[in-house]
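Protein chains: 2
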Amino acid sequence: MTPDASVATRLASIPRSAAQTRVITAALELFAEHGVSGTSLQMIADAIGVSKAAVYHQFKTKDEIVLATAETELIGLEAAVEAAEAQEDRLRAREVLLTHVISLAVERRGMVSALQGDPIMVRLLAEHEPFRHLIDRLYGLLLGENPGPDTRVPAAMLSAAIGGAVSHPLLADVDDETLRVQLLRFARRLLDLPH
Amino acid sequence: MTPDASVATRLASIPRSAAQTRVITAALELFAEHGVSGTSLQMIADAIGVSKAAVYHQFKTKDEIVLATAETELIGLEAAVEAAEAQEDRLRAREVLLTHVISLAVERRGMVSALQGDPIMVRLLAEHEPFRHLIDRLYGLLLGENPGPDTRVPAAMLSAAIGGAVSHPLLADVDDETLRVQLLRFARRLLDLPH
DNA sequence: GTCTATATGAAGATAGAC
DNA sequence: GTCTATCTTCATATAGAC
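Keeping their order, the protein sequence lines are chains U and V. Everything in the first sequence is counted per my numbering, starting at 1131 for the first residue and increasing by one. Everything in the second sequence is counted per my numbering, starting at 1131 for the first residue and increasing by one.
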């Protein structure tokens, strides 16, 4: 749809060292389980098996770690948005967005809550411009122009539903593939899309 | 449906002093904004305008405050479950449950996230027996016997969707009544209920 | 890239006066 | 019911050696 506009504002893909990646991976898991505020640098260091000072050598502050984990996770979401934006018509674009986002959420099952629910992540997504821009593009695809409540309510419900369902205790025993198919089915129903 | 079984296991309605209620109210708002871990006793004390020690005089530990806020909020949910259980048939029960829960979520808009999303609240709901029992009754009404993934997936989506939508930034400008009506409409669609 | 050691502050929590 | 003062533990963060 507007591939050029998106190229100019891609998320920065900062190259990460192996040590940095270890920190990000450990942090993300701990954030998902305990929340950002509930996760200390000591916990991250312990999870990797190094000292706190070693972690601080990779990232100057805890905020930088939070930002890095968000960036890492959102790269997948950006790819989904770009794939959708590349479609000819709006219906196809929404279809592509839906399948990609749901696949992503199921793959990163258990990590999604760290991004979607956490108060610190919420503030980061709202205030950090590159993130806000990505979210805007995502909702732009989903909503179209001047959406009223009857368009925005199901969109908001869906966004919460996908994120919430993948880590819902009620669905802990459902395998990834089944979950993906069922999520897609009920997402289409919610948005009144053809299936 | 089974009113007697529920009476025996109602949430304890501990009478709260005015000072305790002030703590609970302030804590709930702060929990919703910063998460439980992100909220200190100093923040709660400052919000009320008293010292930390005054707060500790009302509740011996921070955990007790968390528990008290959860109890306070869940009393409304218990009433919704009881109203639903009092219905003759399952369809009516689900209808009643849905309307009550959605009304409640909209009324407590902005507080819901404190309960539904927070890692500490999640653990509390999972481990504290009275809470677990209430949640079980709620899902029992929604799911029936031996539910497969095609029943549990929409139920889990709905539970996340209601909680997420009421505090979703996309719906911040939607008034309570509109939100209530629209949520009910799309909840019915998701569960394939008559409207 | 990692360590030990340390500075500094804020957290949860208590003692005892008013 | 509230206060000031205090204790202890843990948090973020830094210095400097290996």
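All C-beta atoms in this analysis are idealised placements derived from N, C-alpha and C, irrespective of residue type, glycine included.
{"Query": "Near-chain V residues of the region 1141 to 1167 of chain U - C-beta to any C-beta below 7 angstroms", "Result": "Glu1163, His1164, Gly1165, Ser1167"}
{"Query": "Listed by chain order, chain V residues near Phe1316 (chain U) by CB distance under 7 angstroms", "Result": "Val1283, Pro1284, Met1287, Leu1320"}
{"Query": "Cutoff 7 angstroms: Gln1312 (chain U) Cβ touching any chain V Cβ", "Result": "yes"}
{"Query": "Candidates U:Arg1220, U:Ile1195, U:Asp1193, U:Leu1228: closest to Leu1207 (chain U) by CA position", "Result": "U:Leu1228"}
{"Query": "Local conformation of Gly1240 (chain U) per DSSP, three classes", "Result": "coil"}
{"Query": "Whether Val1226 (chain V) touches Ala1213 (chain V) by CB criterion (7 angstroms)", "Result": "yes"}
{"Query": "Local Cβ density within 10 Å of Glu1218 (chain U), reported as buried at 16 or more and exposed below that", "Result": "exposed"}
{"Query": "Within chain U, the residues that Pro1279 (chain V) reaches when beta carbons sit closer than 8 angstroms", "Result": "Leu1301, Val1304, Thr1308, Leu1309, Gln1312"}
{"Query": "Chain-ordered neighbours of Asp1248 (chain V) on chain U, where CB pairs are closer than 8 angstroms", "Result": "Gly1165, Gly1247"}
{"Query": "Partner residues on chain V for Gly1294 (chain U), Cβ-Cβ distance less than 9 angstroms", "Result": "Gln1246, Gly1247, Ala1286, Met1287, Ser1289, Ala1290, Ala1291, Gly1293, Gly1294"}
{"Query": "Residue-chain proximity (His1258 (chain V), chain U), Cβ-Cβ < 7 angstroms", "Result": "no"}
{"Query": "Rounded separation between Val1304 (chain U) and Pro1279 (chain V) - CA only", "Result": "7 angstroms"}
{"Query": "Beta carbon proximity, His1263 (chain V) to chain U, threshold 7 angstroms", "Result": "no"}
{"Query": "Continuous alpha helix (DSSP H) stretch holding Gly1294 (chain V): start and end", "Result": "1279 to 1296"}
{"Query": "As assigned by DSSP and simplified to three states, the class of Gln1217 (chain U)", "Result": "coil"}
{"Query": "Cα-Cα separation, Leu1313 (chain U) to Arg1315 (chain V)", "Result": "19 angstroms"}
{"Query": "N-terminal and C-terminal residue of the alpha helix (DSSP H) that Thr1155 (chain U) is part of", "Result": "1148 to 1164"}
{"Query": "Beta-carbon proximity list for Met1241 (chain V), same chain, < 7 angstroms, skipping 5 on both sides", "Result": "Leu1158, Ala1162, Glu1203"}
{"Query": "Contacts that Tyr1186 (chain V) makes with chain U (C-beta to C-beta distance below 9 angstroms)", "Result": "The contacting residues do not exist; Tyr1186 (chain V) stays about 21 angstroms from chain U at best."}
{"Query": "is_contact[His1325 (chain V), chain U] using C-beta, thresh 7 angstroms", "Result": "no"}
{"Query": "Coarse secondary structure for Ser1136 (chain V), derived from DSSP in three states", "Result": "Its pLDDT being 45, under 50, Ser1136 (chain V) is placed unreliably in this model, and the value from its coordinates should be taken loosely. Reduced to three states, the DSSP call for Ser1136 (chain V) is helix."}
{"Query": "Presumed contact (8 angstroms Cβ cut-off) between Ala1330 (chain V) and Leu1273 (chain V), rounded CB distance", "Result": "Nothing can be reported for residue 1330 (chain V): it is not among the residues displayed for chain V, which extend from 1131 to 1325."}
{"Query": "Residue-level contact to chain U via CB, His1230 (chain V), 7 angstroms cutoff", "Result": "no"}
{"Query": "Test item: CB-CB of Arg1310 (chain U) and Val1236 (chain U) under 7 angstroms", "Result": "yes"}
{"Query": "Alpha carbon of Gly1165 (chain U) to alpha carbon of Arg1224 (chain U), nearest angstrom", "Result": "31 angstroms"}
{"Query": "Range of the contiguous alpha helix (DSSP H) that encloses Phe1261 (chain V)", "Result": "1259 to 1273"}
{"Query": "Segment limits, alpha helix (DSSP H) that includes Asp1306 (chain U)", "Result": "1306 to 1321"}
{"Query": "Where the alpha helix (DSSP H) containing Leu1171 (chain U) begins and where it ends", "Result": "1171 to 1178"}
{"Query": "Reference Ile1292 (chain U), options U:Thr1281, U:Asn1276, U:Arg1267, U:Leu1321, closest by Cα", "Result": "U:Leu1321"}
{"Query": "Nonlocal neighbours in the same chain, by C-beta distance under 6 angstroms from Ala1149 (chain V), ignoring five residues either side", "Result": "Gln1188"}
{"Query": "Cβ neighbours of Tyr1269 (chain U) in the same chain (closer than 8 angstroms, five flanking residues each side left out)", "Result": "Ala1285"}
{"Query": "Alpha-carbon spacing of Ala1198 (chain U) relative to His1325 (chain V), whole angstroms", "Result": "46 angstroms"}
{"Query": "Thr1139 (chain V) at chain U interface by Cβ criterion, 7 angstroms", "Result": "no"}
{"Query": "Spatial distance of Arg1220 (chain U) from Arg1140 (chain V) (CA atoms)", "Result": "50 angstroms"}
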